[in-house]
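Residue numbers 1 to 1038, in full-length UniProt numbering, belong to the letters of the sequence shown in order.
The C-beta atom is built at its ideal place from N, Cα and C for all residues, glycine as well.
For reference, the structure is listed below as structure tokens.
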Amino acid sequence: MYTWEKSFADLIARLRRKEISKILTSSYLRGLNLASFFALSKIMIFVTFFANALLGNVITASQVFVVVTLFEALRLTGTLHLPMAVEKVSEAVVSIQRVKNFLLLEETSQHNPQLPSDGETIVQLQDFTAFWDKASGIPTLQGLSFTVRPGELLAVVGPVGAGKSSLLSAVLGELRPSQGLVTVRGRIAYVSQQPWVFSGTVRSNILFGKTYEKERYEKVIKACALRKDLQLLEDGDLTVIGDRGTTLSGGQKARISLARAVYQDADIYLLDDPLSAVDAEVSRHLFELCICQALHEKITILVTHQLQYLKAASQILILKDGKTVEKGTYTEFLKSGIDFGSLLKKENEEAEPSPMPGTPTLRNRTFSESSIWSQQSSRPSLKDATPEGQDTENIQVALPEESRSEGEVGFKAYKNYFTAGAHWFIIIFLILVNVAAQVSYVLQDWWLSYWANKQSSLNVTVVGNGTETQKLDLNWYLGIYSGLTVSTVLFGIARSLLVFYVLVSSSQSLHNKMFESILRAPILFFDRNPIGRILNRFSKDIGHMDDLLPLTFLDFIQTFLQVMGVVGVAVAVIPWIAIPLIPLGIIFFVLRRYFLQTSRDVKRLEATTRSPVFSHLSSSLQGLWTIRAFKAEQRFQELFDAHQDLHSEAWFLFLTTSRWFAVRLDAICAMFVIVVAFGSLILSKTLDAGQVGLALSYALSLMGMFQWCVRQSAEVENMMISVERVIEYTDLEKEAPWEYQKRPPPTWPHEGVIVFDNVNFSYSLDGPLVLKHLTALIKSREKVGIVGRTGAGKSSLISALFRLSEPEGKIWIDKILTTEIGLHDLRKKMSIIPQEPVLFTGTMRKNLDPFNEHTDEELWDALKEVQLKEAVEDLPGKMDTELAESGSNFSVGQRQLVCLARAILRKNRILIIDEATANVDPRTDELIQKKIREKFAQCTVLTIAHRLNTVIDSDKIMVLDAGRLKEYDEPYVLLQNRDSLFYKMVQQLGKAEAAALTETAKQVYFKRNYPDITQNGPVVMNASNGQPSAFTVFETAL
């Protein structure tokens, strides 16, 4: 939505260029090693005979071939196995070291809260002090003491970053005390601030391994206000939640997390702000029915920003910078005349919310708080482990299996792979170099045998005249021999380097194409494909293409040509050999085909069973606190083991198929050697010693090599699957182009008028409509509040505006149809503050301004506007501090403020706020609202809100229900109509709050429509309908 694709593409391209240059260097070295493997024995033989000839010894066929065979045997161990062994051992040592370091990291001790012997459950903190990060020296929590007994509700309030979530982690045992005591007796249930769901059915998410009891389950559903939502879902509570809960709205996820905790029937409930993600009506329902009724006998600790619920709490704890500011009951507070709002305010005026202490590179808040997965999201499918019998009804409908292509890797894949890296001309040249290298290789041996034969024929003739041996002309023979050796070496090296160059560059260009294609893929693609699956292509498959594939390919080409050479020489010496070769060849091809079909599919299976392992791991890490709080570690470990076992099974199968094949191949080679040996015995009269020697020594070298060649060919084909998978991702369906020929004028949108004309919207072609026949006009500079219960289509309205999926119907912004301009032109012109604030790994500066379009001064000003300036100045590197992944060293509220700062910097005419104030305390909320009023006075602002007080002073309110626009008018006008949905929503807040909101709406209304009537002057009301008498509305659409 921020149109930052280019900046991220550049970032990745830079890193990738660095990586490729290193890969090329290492590949060239490997290529030289292979080339030496190819040419080394030739050089050794050459040196031996060269010395032999210079010393004046006579060369004989028997000598030549014993030496050649011995050197061939030496070649494998000397050039391939020994260096490989050294390399592998050093790699193994490094890996073991890394695993060791990981295992030596500090572990949280498994604390099982003692179940009370006398049935007395309790949570008690005495003088509790703790640090997330010792090095910073600033305690996260300091000197806290409180006791909660069954039936009590402790409400914890305080500004953003006060340590409220840390308090819960202390009770959970995730935050170890540096001094003080924590006493926790009883079973714990925990609801995290950012709701965690894993993929499975809604029911399996709520049961979380417990058995299904219908009555209790229904009660929980009712208490958590899920009934209506489940009716809206197609399969009710058996609907599959996609990866990371894509099918659910934020509020639904929050309520499912809550339901999971309630269903556990624990003794102690830790609720981390579960009410902020839902609208007022549901929030009230949850508080009254769930927290006050369903949990009334339990120990409940509730972190909240909703001050209207405080009077129901047995104790209230106000935190600030990790210290207790006030503690007591609501009545005590009232007696001593403390006003909560002012308390939070007053505190804040002195000092702004301090950031989480410590250096950002360290994890100050653990994974569950938010890890990169919860932002970019991956929630793998968990095949539900159901230890407690089958009545758990865990009906698991996982995501669609990852697609596997069947059958052989097509020629097209090879063609695309090679042509991605080089021109046809270069590829033809490459083939010629390969042939030349092999020919010179064979010629060198052939020349030796020719030389030995000449020498022996001379020896024979001279015997008649006495036994002096004639010498051959050494210079001629040695000269040609040297020439052939040198050309063998040169060609060998040239071809190695060339192959590596072509293949590595094709890997690079395919990676770029794939990345570009992913950047342009529609949002739907990411909902359907878990992150694990996409990362698998980028890490494992691209890794293969960078590293192993070029090496294997070169190896295969070399050995293949050598095998051809061997067979060729044997046939040239004894033409009869061609006859037994044919059946052997046929047997070989049948075997290879049989083997490859199996092995290829087993390999594909192995690749697809790997994804769930990663996905499950990332999901578990993300919900780690929840899993630990519910004591579900064992179940998740078993699930992980199940995924892991599945993968190991596939891998083991793959290894055994290769061994099976190797044994069969060696048998074929043995047959070939036997045929050659007996053939030369039978035909011994007609053959020269040299030729027989050549054929035999070659046939013997075939034993290991032929098997290796076929193994490599299978390996190449298996690795080509990686190429195939990458190519599959290079042509995904794309979003509309980023820019069209038709560009909007640079000053557009000048006014910021938005018109929705009969808009229908769904996230996928076959998906349900989430917006139905929406028609509305938003005038220039209007502030519009969008309300409705969770899942009513509020966020979908924004998706339609941003064209995250193409809407049907027309949306105009300042007389330009949004579908007629490029996506970048459209999205650049609207600022958004999203529901889940996203920070990227990198510096604060990069997070605010990835394209370096603003000066430092502007950035600091923006941070000052949102009151984050102190927080950022406290970081070790100020604005250039590297943030932890997804900014987890800032609290959720602070991350939200960063998103606001981004919007301020972009200075757009249209601003969209998606529940941006859900996770912040009222004080910060007010601050954000004030900033928006000041900074964006000249803009059109759409606000999606659950807290009605954030939108009550809007110009218009849009009420959505189940994807339809139900009401659209000024808030005060809507409140006059007792049947309106909006009126009902306001009334649900309770009398006092409702009256205050109505009053605000009234003031705003008169200020806007009758600025001349003073605010406190009497307003003439028409008694009949409570509307000002002289008042008619004319509103025309465009």
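The alpha helix (DSSP H) runs lying completely inside the stretch 887-951 and spanning 4 residues or more are 892-906 and 922-935, given in chain order. Distance check between Leu769 and each of Asn760, Ala776 and Phe538 places Asn760 closest, using alpha-carbon atoms only.
By the neighbour-count criterion, in which 16 or more other beta carbons inside 10 Å mark a residue as buried, Gln634 falls on the exposed side. Within the DSSP secondary-structure output, Phe128 pairs in a beta bridge with Leu144. The stretch 758-822 contains, as complete beta strand (DSSP E) runs of 3+ residues, the segments 771-778, 783-787 and 808-813 (chain order). The secondary-structure analysis by DSSP pairs Gly842 across a beta bridge with Leu883.
Going by DSSP, Gln179 is part of the beta strand (DSSP E) stretching over Pro177 to Arg185. In the three-state reduction of the DSSP assignment, Gly251 falls in the helix class. Secondary structure note for Gln315: it is in no alpha helix (DSSP H), and the uninterrupted beta strand (DSSP E) holding it is Gln315 to Lys320.
Between Ala884 and Leu823 the beta-carbon gap is near 31 angstroms, outside 8 angstroms, which marks them as no contact. Annotation: Ser336 is outside any beta strand (DSSP E) and is labelled neither H nor E by DSSP. Between Ile821 and Pro922 the beta-carbon gap is near 39 angstroms, outside 8 angstroms, which marks them as no contact.
Comparing C-alpha distances from Met44 to each of Ser26, Val67, Leu55 and Gln63 shows the shortest one belongs to Val67. About 18 angstroms separates the beta carbon of Ile316 from that of Ala170, a gap too long to meet the 8 angstroms contact definition. A contact is defined here as three or more CB-CB pairs under 8 angstroms, and the stretch 825-838 meets this definition with respect to the stretch 898-916.
Between the stretch 709-716 and the stretch 81-91, the count of C-beta pairs closer than 8 angstroms stays below three; the two stretches do not touch. Nearest C-alpha to Glu858 among Lys214, Ser136 and Arg906: Arg906. Within the model, the alpha-carbon separation for Met705 versus Ile577 is close to 19 angstroms.
In this structure, the CA atom of Leu646 is about 36 angstroms from the CA atom of Asp229. In summary, His544 is buried, with 16 or more beta-carbon neighbours lying within 10 Å of its beta-carbon over all protein chains present. Within the same chain, and ignoring the five residues on either side of Ala413 in sequence, the residues whose Cβ sits closer than 7 angstroms to its Cβ are Met720, Val723, Glu724 and Ile727.
Collapsing the DSSP output to three states places Ala521 in coil. The beta-bridge partner set that DSSP reports for Arg659 is empty.
Taking every protein chain shown into account, the CB of Gln293 has fewer than 16 other CB atoms within 10 angstroms, so this residue is exposed. Under DSSP, Ala189 shares a beta bridge with Tyr269. In the DSSP annotation of this structure, the continuous segment of the beta strand (DSSP E) that includes Met830 starts and ends at Met830 to Ile833.
Shown here, Ser199 sits in a strand according to DSSP, grouped into three states.
Just so you know, the alpha carbons of Val86 and Ala92 end up roughly 10 angstroms apart. Ala135 is classed as exposed because its beta carbon has fewer than 16 other beta carbons within 10 Å across all chains shown. The three-state reading of DSSP puts Asp961 in strand, counting E and B together. Residue state for Phe640 is assigned as helix, using DSSP reduced to three classes. Distance from the CA of Lys42 to the CA of Tyr28, rounded to the nearest whole angstrom, comes to 21 angstroms. Within the same chain, Ala994 come within 8 angstroms of Gln987 by CB-CB distance, once the 5 residues on both sides are set aside. The Cβ atoms of Met958 and Gly793 do not sit closer than 8 angstroms to each other. Beyond the five residues adjoining it in sequence on each side, Gly679 comes within less than 7 angstroms, by CB distance, of Ile574, Trp576 and Ile577 in the same chain, given in chain order. For Leu286, there is no enclosing beta strand (DSSP E), since its DSSP letter is neither H nor E.
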